[in-house]
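Residue numbers for the sequence shown follow our numbering, so the first one is 180 and each next one is one higher.
Here is the structure we will look at.
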Amino acid sequence: MIKLILVRHGESEWNIIGRIQGHSDPKLTELGRKQAYLTAARLSGESVEAVYSSDLARARTTAEIIACAHGLDVIVTEMLREANLGRWEGLTRQQASEQYPDEFRAYMSDPVTNRPPCAERLEAVIVRCREFVDKLVSQHNHGSTIAVVGHGGSVRGIIAAVYGMGPEIYRRIRLDNCGITTLYLRESSPLLAVLNDTCHLANQQSECGIDEN
């Protein structure tokens, strides 16, 4: 059994202004850094042997703060990136709705079968997350505890991949900035033990940081 501690990144500069992120690379806000330090303190009692992260700054900085508490370096991979959101990246939701009214309306009503122009399919996100999990399992022993810092898209993608689910999961799971999700990879069947735990953040949360893309 391998214990995965999945963490969504702290609040980013684009979270607070509602700008669509995807593969774009905004940094953490000061609140985002505070959230990361609170998460690191929460996980300091865990016997974490490796910390993986998306290569995007908002996730990587969060991961570095968590890894420092364990004396570890961060293992960076593009496989944990957020979904690429194509031509909508850098736009606010208001701008996207004005510039792409038909596509935006369709996406908001059904993001599973619709996507922004030139965006990555959610199925593709799940595939790369499956590849990440397979690689992780091949490199770590049973009994290991691994921290993984990613995005709303990649954390959902890992859950979907492990449970053999499709993109419909993306509408059913809420993930806050620095929310902690604990997943046990067991030989018999996976166990989702904790989903989006934010108790450690106390009052250091922002509604702007719910479920970005």
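Every residue gets a Cβ at the ideal spot worked out from N, C-alpha and C, and that includes glycine.
As the structure is a prediction and not an experimental result, all values here were calculated from the model.
The three-state reading of DSSP puts Asp281 in helix, counting H, G and I together. Rounded to the nearest whole angstrom, the CA to CA distance from Glu190 to Gly269 is 16 Å. Contact between the region 230-245 and the region 324-337 is present: three or more C-beta pairs spanning the two stretches fall below 8 Å. In terms of Cβ geometry, Leu183 and Leu362 form a close pair [threshold 8 Å].
Within the same chain, and ignoring the five residues on either side of Arg300 in sequence, the residues whose Cβ sits closer than 7 Å to its Cβ are Arg294. Under DSSP, Tyr363 forms a beta bridge with Lys182, Leu370.
Within the model, the alpha-carbon separation for Ser317 versus Tyr342 is close to 18 Å. DSSP, read as helix, strand or coil, puts Arg198 in strand. By the criterion of at least three beta-carbon pairs nearer than 8 Å, the region 335-352 is in contact with the region 308-323. In this structure, Ser232 lies near Val253, with their beta-carbon atoms less than 8 Å apart. A residue is called buried when at least 16 other Cβ atoms come within 10 angstroms of its Cβ; Met287 does not meet this threshold and is exposed. Restricting attention to Trp267, Gly332, Thr218, Leu364, the CA atom closest to the CA of Glu257 is found in Gly332.
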